[in-house]
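Numbering (the numbering used here), first residue to last: 246 to 306.
Virtual Cβ for every residue (Gly too), placed ideally from N, Cα, C.
Next up, the structure:
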């Protein structure tokens, strides 16, 4: 089970990195859809909306 959790965490971390480096609004929208998806909820107990909010706040700084 530990390997599955590591993979799930790696997928989410990559999505966060991709969002932070995305210049295109379309790319960010696609990543936001992932954070709101059933798949995201299957991978983690994180709140996708909270994660989006934090990433949006980073962009404003």
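Along the alpha helix (DSSP H) that carries residue i, what are the first and last residues, could you check?
| i | result |
| --- | --- |
| residue 274 | 270 to 280 |
| residue 290 | Here residue 290 belongs to no alpha helix (DSSP H), and DSSP marks it neither H nor E. |
| residue 260 | 247 to 266 |
Given that a residue counts as buried once 16 or more other Cβ atoms are within 10 Å of its Cβ, and exposed if not, what is residue i?
| i | result |
| --- | --- |
| residue 252 | exposed |
| residue 288 | buried |
| residue 255 | exposed |
| residue 260 | buried |
| residue 296 | buried |
| residue 249 | exposed |
Please report the Cβ distance between residue i and residue j, rounded to the nearest whole angstrom; I am assuming they are in contact, meaning their Cβ atoms lie under 8 Å.
| i | j | result |
| --- | --- | --- |
| residue 300 | residue 278 | About 14 Å; that fails the 8 Å criterion. |
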